[in-house]
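J.:
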Amino acid sequence: MIVFERLRMRRLELGLLILASLIVGVAVVNLEVSLNSNVTGNMLVLIGGFVTVFLTAHVVLCWKAPYADQIMLPVAAILNGLGLVMVYRLDAGLSTALAPRQVMWTFVGVALMVLVLVFLKDYNALSRYAYVLGLIGLILLALPMVWPVDTEADADIWITIGPLSLQPGEFSKIMLLLLFAQLLATKRSLFQTAGYQILGLDFPRLRDLAPILGVWAVALMIMAGENDFGPALLLFGTVLGMLYLASGRVSWLIIGMVLVSIGGFTVYQISGKIQARVANYWDPLADPVGKGFQLSQALFGMSWGGIDGTGLGQGYPYIIPVVFSDYILAAIGEELGLIGISAVLILFAVFISRGMHTAMQVQDTFGKLLASGLALTVAIQIFIITAGISALMPMTGLTTPFMSQGGSSLMANYILMAIILRISDASRREAEAK
494 MIVFERLRMR
504 RLELGLLILA
514 SLIVGVAVVN
524 LEVSLNSNVT
534 GNMLVLIGGF
544 VTVFLTAHVV
554 LCWKAPYADQ
564 IMLPVAAILN
574 GLGLVMVYRL
584 DAGLSTALAP
594 RQVMWTFVGV
604 ALMVLVLVFL
614 KDYNALSRYA
624 YVLGLIGLIL
634 LALPMVWPVD
644 TEADADIWIT
654 IGPLSLQPGE
664 FSKIMLLLLF
674 AQLLATKRSL
684 FQTAGYQILG
694 LDFPRLRDLA
704 PILGVWAVAL
714 MIMAGENDFG
724 PALLLFGTVL
734 GMLYLASGRV
744 SWLIIGMVLV
754 SIGGFTVYQI
764 SGKIQARVAN
774 YWDPLADPVG
784 KGFQLSQALF
794 GMSWGGIDGT
804 GLGQGYPYII
814 PVVFSDYILA
824 AIGEELGLIG
834 ISAVLILFAV
844 FISRGMHTAM
854 QVQDTFGKLL
864 ASGLALTVAI
874 QIFIITAGIS
884 ALMPMTGLTT
894 PFMSQGGSSL
904 MANYILMAII
914 LRISDASRRE
924 AEAK
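Residues in the sequence shown are numbered from 494 upward in steps of one, following the working numbering.
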């Protein structure tokens, strides 16, 4: 009886998952007809596997987290499904075979989400191990510096384990946010009451801020040493947002703008990579067949796509270098147009808003800061990526959550979502008990 009651409680999620499966199924069929004039058996198996894995996740949520948010999983399913469709479409243009591997990583990512929900019964347990997890996060972040992999990438962010290449920084990001949430929760009252004023702005005492700044600085220096500035900007923005939420002081935003300006100028002076990206940002068409080729092709493609796109399989997004990861949103903009890319951004906005809603619902400070920090990191990441592909800011090399090809990003984002869902379940369960 309890089982049926929990299934009934989450009927909204089930309905949205069915809708997500229909959307992804229609996209797959449309692409298959466009490329091959018929639907192959492999695609039917893909659709069946997609439906099965997310329905399994739904059942686990009914079992282990019946009060959790019912919108996040369906939104992630649509984003993941559309990402799979685009990877398969790009495979056809480049004669590669990355889609089957991405399907495998989807299964692994959802499995990790399920494992987190099954074994993490109380998210407050994360606060008890936050310092250990933060240390592990720093070690993972630094691992590529001592375990280098010979790749064509211009950043040392990969390690190889047997046949697999992993990006430890994707997982360290979550662990560091756990640590920052715990540090901020511990010091929150001091941030709000103790401190001093300069020019009418409130500043905390240095001794209260020192542990956070120390970990923050070490993480940023490691990323700079790996020549990986996108995640550094992401971590900086996320922690700055968490500091503001913890203290409520506008001075943090001003401090952040000053530090970003100083740091950005310094990095520009010492990094040829950043200088090239800034030059491309200022004038993408100055060298359209050289250093500006990637961005200029993305802009041309999205311009050609226009309002409603060229149609799945009808464009040439595979011309863009590294389109599978860094520029998959540009590929969507070309073949699905402004309508398609706007729909994707709306889905991300819904995902982020549900994370923030969870942060508003939960009562304890650690839960609030953790949920908001995890949602913020997705929001800032999407902003940076969207601004980068549209030449509103220099490109940073970040991946699009749930959509870009790559196992590390996919697994990390499913773990991130599982933690938010666990917090959501606890907060709503507590409210229901009252």
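Beta carbons are placed, not taken as given, at the ideal position from N, Cα and C, and that holds for glycine.
Since the model is a prediction, treat every value here as computed from it, not as a measurement.
1) Compute the distance between the beta-carbons of G826 and A712, then report whether it is under 9 angstroms.
2) Between M910 and the rest of its own chain, which residues show a CB-CB distance below 7 angstroms, the 5 nearest in sequence each way excluded?
3) What does the alpha-carbon distance come out to for the pair A824 and L577?
4) Taking 9 angstroms as the cut-off, decide whether the C-beta atoms of K935 and P704 are in contact.
5) State the Cα-Cα distance for the pair M494 and R503, rounded to the nearest angstrom.
6) Mind listing, in chain order, the continuous alpha helix (DSSP H) runs of no fewer than 4 residues lying wholly within the region 517-559?
7) To the nearest angstrom, report how far apart P622 and Q790 are at their CA atoms.
8) Do the region 877-893 and the region 720-736 touch if we need at least three Cβ pairs shorter than 8 angstroms?
9) Decide if I873 is buried, meaning its Cβ has at least 16 other Cβ atoms within 10 Å, or exposed.
10) Keeping to the same chain, check which residues put their C-beta closer than 8 angstroms to that of I832; ignore five residues upstream and five downstream.
11) Start and end of the alpha helix (DSSP H) containing L1015?
12) What's the call for S835, buried or exposed, on a 16-neighbour Cβ count within 10 Å?
13) Taking the beta strand (DSSP E) that L838 belongs to, which residues open and close that run?
14) In chain order, what residues of the same chain have a beta carbon less than 6 angstroms from the beta carbon of W640, not counting five sequence neighbours either side?
15) Measure the alpha-carbon distance for V760 versus G749 and round it to whole angstroms.
16) For L659, does the three-state DSSP call read helix, strand or coil?
17) So, under 8 angstroms CB-CB, T731 and L628 are touching, yes? Tell me the CB distance rounded to an integer number of Å.
18) What does the alpha-carbon distance come out to for the pair T851 and V552?
19) By the DSSP assignment, the alpha helix (DSSP H) with T759 in it spans what residues?
20) Here's a check: name, in chain order, each residue in its chain whose Cβ is nearer than 7 angstroms to the Cβ of V771, leaving out the five neighbours to either side.
21) What are the boundary residues of the beta strand (DSSP E) that I652 is part of?
22) For the putative contact between I567 and A513, defined by C-beta atoms under 8 angstroms, what is the C-beta separation to the nearest angstrom?
23) Whose C-beta lies closer than 6 angstroms to the C-beta of I875 among residues of the same chain, with five residues either side of it excluded?
24) Using CA coordinates, which residue listed in R915, A674, E525, F600 is at the minimum distance from F547?
25) Rounded to whole angstroms, how far is the Cβ of V815 from the Cβ of Q787, which I believe are closer than 8 angstroms?
26) Would a C-beta distance cut-off of 9 angstroms place G602 and L903 closer than the cut-off?
27) Taking the alpha-carbon of L524 as reference, which of A585, L510, L505 has the nearest alpha-carbon?
28) Helix, strand or coil for V871, going by three-state DSSP, please let me know.
29) Are the Cβ atoms of G804 and S527 separated by less than 9 angstroms?
30) Under a three-way DSSP split, which group does A919 fall into?
31) Determine the direct distance from the alpha carbon of V580 to that of A678, and round the result to whole angstroms.
32) Excluding five sequence neighbours on each side, which residues of the same chain lie with their C-beta closer than 6 angstroms to the C-beta of L509?
33) According to the Cβ coordinates, are G798 and G808 closer than 9 angstroms?
34) If you draw a straight line from the C-alpha of R921 to the C-alpha of M853, how long is it?
T.: To lay it out plainly:
1) no
2) M565, A569, M606
3) 13 angstroms
4) Outside the shown range of the chain, which is 494 to 927, sits residue 935, and nothing can be said about it.
5) Residue placement at M494 cannot be trusted, given a pLDDT of 45 that sits under 50; what the coordinates show is reported in the next sentence. Their Cα atoms are separated by approximately 15 angstroms.
6) 534-557
7) Correcting the residue identity first, residue 622 is Tyr in this sequence and not Pro. Spanning the two alpha carbons is a distance of roughly 46 angstroms.
8) yes
9) buried
10) I800, D801, G802
11) Outside the displayed span of the chain (494 to 927) sits residue 1015, for which this structure offers no information.
12) exposed
13) Not the beta strand (DSSP E): L838 falls in the alpha helix (DSSP H), residues 821-854.
14) I652
15) 16 angstroms
16) strand
17) About 19 angstroms separates the two Cβ atoms, so there is no contact after all.
18) 21 angstroms
19) 744-763
20) Y761, P887
21) 652-654
22) The identity of residue 567 in the sequence shown is Pro, whereas the question assumes Ile. About 5 angstroms; that satisfies the 8 angstroms criterion.
23) F841
24) F600
25) 7 angstroms
26) yes
27) A585
28) helix
29) yes
30) helix
31) 41 angstroms
32) P567
33) yes
34) 11 angstroms
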